[in-house]
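Heads up: the structure comes next, in structure tokens.
Numbering (the numbering used here), first residue to last: 346 to 524.
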């Protein structure tokens, strides 16, 4: 598999060929920028908590409450974790208490609004559906009708980030070059 398209594994070859053409022609960045011109303003953990809570109250009123929502610098795309949801159970007195957390990779502090929403919808869906099965994706589409397109475009965005990171290698400076 072409390592530059690692986020697109599983997509049909014809679609991957179109992506390769966009990359070769240098048009992938412009294509994504035209489709998603606006960056979101959800920059702090508090703003993220409010954003997630609003979506949760609109679509998942009966789900357990969230105890924490935050951006996480330790989540890396390399491990395929764009966000996480956790449930920590603790015994308090004679009762079992569950604390639910959603963590979103910090790279989403500066992305198009739609990509943040897609990640949040994905993690919220895990409050009701644990597995990535048909019911899970139906719930994602209920909360975000364009979920599948946004997921694909997010994968394009991550591919573009990887390509840009590879081309940004610093120029070595020879020690005698300044003399």
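Beta carbons are placed, not taken as given, at the ideal position from N, Cα and C, and that holds for glycine.
Buried versus exposed, by CB contacts within 10 Å (16 or more), residue i
| i | result |
| --- | --- |
| residue 498 | buried |
| residue 457 | buried |
| residue 448 | buried |
| residue 353 | buried |
| residue 468 | buried |
| residue 369 | exposed |
| residue 360 | exposed |
| residue 511 | exposed |
Whole-Å CB distance - residue i paired with residue j, under 8 Å assumed
| i | j | result |
| --- | --- | --- |
| residue 349 | residue 508 | 6 Å |
| residue 411 | residue 398 | 7 Å |
| residue 417 | residue 450 | 6 Å |
| residue 461 | residue 387 | 6 Å |
| residue 455 | residue 384 | 6 Å |
| residue 459 | residue 381 | 6 Å |
| residue 472 | residue 445 | 7 Å |
| residue 443 | residue 409 | 6 Å |
Beta-bridge partners of residue i, as assigned by DSSP
| i | result |
| --- | --- |
| residue 394 | In the DSSP output, where bridge partners are listed per residue, residue 394 has none listed. |
| residue 382 | Residue 382 pairs with nothing; no bridge assigned. |
| residue 502 | Bridge partners of residue 502: none, in fact. |
| residue 365 | Note: residue 365 sits in no beta bridge, so no partner. |
Beta-carbon gap between residue i and residue j smaller than 7 Å
| i | j | result |
| --- | --- | --- |
| residue 492 | residue 483 | no |
| residue 374 | residue 495 | no |
Alpha-carbon spacing of residue i relative to residue j, whole angstroms
| i | j | result |
| --- | --- | --- |
| residue 389 | residue 464 | 16 Å |
| residue 488 | residue 466 | 7 Å |
| residue 357 | residue 367 | 16 Å |
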